[in-house]
Every structure is written in structure tokens, then in C-alpha cells.
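J.: Numbering (the working numbering), first residue to last: 4 to 292.
The beta carbon of each residue, even a glycine, is placed where N, CA and C say it ideally should be.
The structure presented is a predicted model; accordingly, all values stated were derived computationally and were not measured.
Okay, here's the thing in C-alpha cells:
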């Protein structure tokens, strides 16, 4: 094979490779290396005996440089697009978190106010219902103020109140149901293995479940159970009411429960309770030491 035939085929072989180059961003540190590699290759070609006499060598080298620079440009564009997508994802996550807090917090307090207002009409002491309504209204307004602050300043924390304690599930969530005439039985492990984030998730899940019982269940008894099972904490809220519809739709409440459990690596589901009523169960991973 003559040298000229070898020189003619080799650039064609090289020219087929750039078509498979992907515009993958590997950071600024690697991009100057592309031009350096192209320059080194060009010098090597020109220093090769006899190659500088072949005009098409300059065409091939120029083509290689153009392809490498195009890849460089695509890398810059991809870097910008990645940054924009990252910002959009963070913005959407903030909105989702805010919507979940708004639904859970405000929905719970407004439901409690409605229930107390309806019950107060038939109460022998309406002043008790009025005080409960006032307390719920003040709490809702305080937490709404915090949400408004977050809307104006996205860097502000989304948490609308002090981190809840496990005992708050009984004192703050179950007690309003009892005032409605529902017998509520609460069983909470002293050490379910949840950190502060896990306790908040459990609290919000129970809050949504209790709100649904108050609004829809027409129940006489409800059960709230949080126990540790191996490396998970199992949260179970059930009632003896009318039960969920045959086709359970995922409204904002159930969607929020799923999102909270999934964010921690857990899961949740809703079923009909044997004998009547609804069972909501969520599995949350325990905190690692």
C-alpha cells in the first residue's frame, strides 16, 4: 500500500468519529484540553515526514478543530440549560412544599372551626365552641402569615410552626375529634425511631387523616397507632365510619400524604377497613444513627 493511499484513507476514518460525539458538559477544566489536543494533533501531522505536502491535511485538521469547538460550544449551552433546569426543579419543589403545608395546616384549622360552629348550635355551653373556634382561627392566621412571608421571600423557611412533638398527635390532633364526639384511641411508641423530619411527616399525615375523619367519615371511633417495626415506623389511622368510595380519588390531601412518605423513602396507602370504615397506613424509615 502506498503512502498516499494510507494518508487518504486515514483522514476519512477520523472524520467519521466526530458524528458520535455527545455534547456532554465535563466542566471548564476539560475544555481547554480539547483545543490543546487538536493543536498537538495538528503539529504531529505537520511534523510527519511528507504530510505537510498534502493540502488536504490542513482541511482535515481544520475540520477536526471545528468539530471540537462545536462540541465545546454545545457543552457551554448544555451547562446553561442544566443550571436553568436545576433552578426550575428547586422552584417547583418549593411550590409543592408550600401547597402541601397550606392544605394541611389551613385545611385542618378551618375544618375544626366548621365542626365546632356546627356543634355549638346544639351545645348547652356555646362559649366552649366559640373559644375553640377563636383559638383555631388565631393559629390559622399565625401560620398563614408565615406562609405569606415565604411567598415574598422564597429563602425563608417553609415550616409554619415550631416542630411538633409526638405527644402533639394526641393533644392537638385527636382532642378536637373527641370534642366532636368521636372516641379516639391513640397508641404511640415512646421511641419510634423518627428524627425531627420524620416526626413532622407523621404529624402532618395524622393531621390530614383526622381532618378527613371529621369531614367525611361520620365515625364514632377512631384509632391512631405509631409503632416501630424493624427499620421502619408504621403509622396507622383508622375509623369505623362510612369508609372511602369504591374508587378512591387522590385529592390534595392524599397526594400530600403520598409525597411526604415518599420524600423520606417510605410509602402510604388507603383501604377500606374490615367491618366498615377507612384505614390509612404509612410506612416511614427510621432515622439512621
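(1) Cα separation between residue 292 and residue 96?
(2) Counting Cβ pairs closer than 8 Å, one from the region 239-249 and one from the region 280-292, do we hit at least three?
(3) Around the C-beta of residue 148, are 16 or more other C-beta atoms found within 10 angstroms, so that it is buried, or is it exposed?
(4) Taking buried to mean at least 16 other C-beta atoms within 10 Å of its own C-beta, is residue 195 buried or exposed?
(5) Looking only at its chain, what residues have a beta carbon closer than 6 Å to the beta carbon of residue 212, apart from the 5 residues adjacent to it on each side?
(6) Can you name the start and end residues of the beta strand (DSSP E) that residue 236 belongs to?
(7) Within 10 angstroms of the Cβ of residue 257, are there 16 or more other Cβ atoms? Answer buried if so, exposed if not.
(8) Does the structure place the region 102-110 close enough to the region 167-178 that three or more beta carbon pairs sit under 8 Å?
(9) Helix, strand or coil for residue 286 per DSSP?
(10) Nearest to residue 199 by alpha carbon, out of 288, 92, 71?
(11) Counting only beta-carbon atoms, is residue 236 nearer than 8 Å to chain C?
(12) From what residue to what residue does the alpha helix (DSSP H) around residue 203 run?
(13) So, with DSSP's three-state summary, where would you put residue 225?
(14) Specify the secondary structure class of residue 230 as computed by DSSP and reduced to three states.
(15) Based on DSSP bridge pairs, tell me the residues matched to residue 79.
(16) Taking just the CA atoms, how far does residue 229 sit from residue 189?
(17) Looking only at its own chain, which residues have a Cβ that is under 6 Å from the Cβ of residue 286, when we skip the five neighbours before and after it?
(18) So what's residue 186 in DSSP terms, helix, strand or just coil?
(19) Taking C-alpha atoms, which residue in 98, 245, 201, 259 lies nearest to residue 150?
(20) Please tell me whether residue 135 and residue 182 are closer than 8 Å, where the distance is taken between their beta carbons.
(21) Which one of 139, 167, 225, 68 has the shortest CA to CA distance from residue 197?
(22) Could you name the residues of the same chain whose beta carbon sits closer than 8 Å to that of residue 120, not counting the 5 residues immediately before and after it, in chain order?
(23) Give the secondary structure of residue 267 by DSSP, where H, G and I count as helix, E and B as strand, and everything else as coil.
(24) To the nearest angstrom, report how far apart residue 79 and residue 94 are at their CA atoms.
(25) Excluding the five sequence neighbours on either side, which residues of its own chain have a C-beta within less than 6 Å of the C-beta of residue 210, listed in chain order?
T.: The answer reads as follows:
(1) In the chain shown, counting from the first residue as 1, residue 292 sits at position 289. In the chain shown, counting from the first residue as 1, residue 96 sits at position 93. Between residue 292 and residue 96, the C-alpha separation is close to 27 Å.
(2) Yes, they touch.
(3) On the chain shown, residue 148 is found 145 positions in, with the first residue counted as 1. With a 10 Å radius around the Cβ and a threshold of 16 neighbouring Cβ atoms, residue 148 comes out exposed.
(4) Within the chain shown, numbered from 1, the residue matching residue 195 stands at position 192. Residue 195 is buried by the Cβ-count criterion.
(5) Here residue 212 refers to the residue found at position 209 of the chain shown. Excluding sequence neighbours, residue 212 sits near 240, 283.
(6) Your numbering for residue 236 matches position 233 in the chain shown. In this chain, the beta strand (DSSP E) harbouring residue 236 covers 235-242.
(7) By 1-based counting over the chain shown, the position of residue 257 is 254. With 16 or more Cβ atoms within 10 Å of its Cβ, residue 257 is classed as buried.
(8) Segments in contact, no.
(9) Here residue 286 is taken as the residue at index 283 of the chain shown, counted from 1. Residue 286 carries a strand assignment under DSSP once its states are collapsed to helix, strand and coil.
(10) As a position in the chain shown, residue 199 is number 196, starting the count at 1. The residue with the shortest Cα to Cα distance from residue 199 is 288.
(11) Of the chains in the structure shown, none is chain C; there is only one protein chain.
(12) Position 200 of the chain shown, counting from 1, holds the residue named residue 203. From DSSP, the alpha helix (DSSP H) with residue 203 extends over 199-215.
(13) On the chain shown, residue 225 is found 222 positions in, with the first residue counted as 1. Three-state DSSP puts residue 225 in a strand.
(14) Position 227 of the chain shown holds residue 230. Residue 230 falls in the strand class under three-state DSSP.
(15) Walking along the chain shown from the start, residue 79 turns up at place 76. According to DSSP, residue 79 bridges with nothing at all.
(16) Against the chain shown, residue 189 aligns to sequence position 186. Against the chain shown, residue 229 aligns to sequence position 226. One C-alpha to the other measures close to 8 Å.
(17) If you number the chain shown from 1, residue 286 lands on position 283. Taken in chain order, the residues that qualify are 235, 237, 269, 270.
(18) The residue given as residue 186 occupies position 183 in the chain shown. DSSP places residue 186 in the strand class (E or B) of the three-state scheme.
(19) As a first step, residue 150 is located in the chain shown; it is residue number 147 there, counting from the start. Considering only alpha carbons, the answer is 98.
(20) Position 132 of the chain shown, counting from 1, holds the residue named residue 135. Position 179 of the chain shown, counting from 1, holds the residue named residue 182. The beta carbons of residue 135 and residue 182 sit closer together than 8 Å.
(21) Locating residue 197 in the chain shown gives position 194, counting from the first residue. Among 139, 167, 225, 68, the Cα nearest to that of residue 197 belongs to 167.
(22) In the chain shown, residue 120 corresponds to position 117, counting from 1. Closer than 8 Å at the Cβ level, and outside the excluded window around residue 120, lie 132, 136.
(23) Along the chain shown, one-based indexing puts residue 267 at 264. Here residue 267 carries a coil assignment [DSSP, helix/strand/coil].
(24) Start at 1 with the first residue of the chain shown, and residue 79 comes out as number 76. Start at 1 with the first residue of the chain shown, and residue 94 comes out as number 91. Taking the straight line joining both Cα atoms gives about 23 Å.
(25) Here residue 210 corresponds to residue number 207 of the chain shown, with the count starting at 1. Cβ within range, chain order: 107, 111, 176.
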